[in-house]
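What follows is a short report on a single structure.
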Amino acid sequence: MPAPRSHAHVPYAAQIRRAASRHGISPSLLAALVRAESAFNPSAVSSAGAQGLGQLMPATARWLGVADPFDPVENLEGAARYVSQQLARFRSVQRALVAYHAGPERARAGLRAAPRSTRAYVSRVMRFEREYREHGLP
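Quick note on the working numbering: the sequence shown kicks off at 1 and runs consecutively.
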């Protein structure tokens with residue numbers, strides 16, 4: 001079965017694999033997160049001020065040691081490091097994604113207590129992750 005058109009090209013696939021491997025997370029999860037966060041646009045800036053591929057907030061980027069959030073490699077390293085930390089903390093992919101999107105405080109209460117936008121985000125990332133896991137990263 002051919003991969004869906006959405007997988008025809010995953011920008012930064014090699015860098016995603018390296019960052020995910022270095023931080024012990026699934027490349028399909030990191031690719032899915034970046035797709036949901038920025039649609040693989042390294043210049044993306046959200047209305048809240050989140051920056052780059054993983055849409056890191058400036059204070060979070062500094063805390064993670066990311067000097068240039070618009071540099072794809074640095075941003076992927078920071079995003080992978082943060083996801084890895086949240087996975088270790090919450091031992092749940094869904095709660096780690098809640099923490100990534102809405103903060104660790106919200107993740108403590110679980111997915112059901114998260115805002116609707118966060119629940120939709122988690123669902124979207126999980127759907128993308130499943131696609132990448134089933135079809136692989138090109």
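Heads up, the beta-carbon is just placed ideally off N, CA and C, and yes, glycines get one too.
Rounded Cβ spacing between residue i and residue j (contact assumed at less than 8 Å)
i, j, result
"LEU29", "VAL93", "7 Å"
"VAL83", "ALA67", "Contact doesn't hold; Cβ gap of about 19 Å is too wide."
"PRO20", "PRO11", "Per the sequence shown, residue 20 should be read as Ala rather than Pro. Going by Cβ atoms, the distance from ALA20 to PRO11 rounds to 15 Å, so no, they are not a contact pair."
"ALA79", "VAL34", "7 Å"
"LEU53", "LEU76", "6 Å"
"ARG81", "LEU64", "5 Å"
Alpha carbon of residue i to alpha carbon of residue j, nearest angstrom
i, j, result
"ASP71", "ARG18", "15 Å"
"SER6", "ALA113", "Any reading at SER6 is ruled out, since the residue's pLDDT is 48, under 50, leaving its predicted position unreliable."
"VAL73", "ALA14", "10 Å"
"LEU137", "VAL122", "20 Å"
"PRO58", "ALA36", "19 Å"
"PRO104", "HIS9", "32 Å"
"THR118", "TYR100", "10 Å"
Top-ranked residue by Cα proximity to residue i, from the options
i, options, result
"SER38", "TYR132, GLY136, ALA114, VAL125", "VAL125"
"ARG91", "ARG62, ASN75, ALA61, GLY110", "GLY110"
"GLU134", "ARG116, TYR100, ALA32, ALA50", "ALA32"
"PRO69", "ARG130, ARG89, GLN51", "GLN51"
"HIS23", "GLN85, ARG127, GLU105, ARG62", "GLN85"
Exposed unless 16 or more other CB atoms sit within 10 angstroms - verdict on residue i
i, result
"LEU120", "For the record, residue 120 in the displayed sequence is Ala; it is not Leu. With fewer than 16 other Cβ atoms within 10 Å, it is exposed."
"PRO227", "What is shown of the chain runs 1 to 138, which leaves residue 227 out entirely."
Quick check for students: name the residue ranges of the alpha helix (DSSP H) that lie wholly in the segment 32 to 73, counting only runs of 4 or more. 58 to 63
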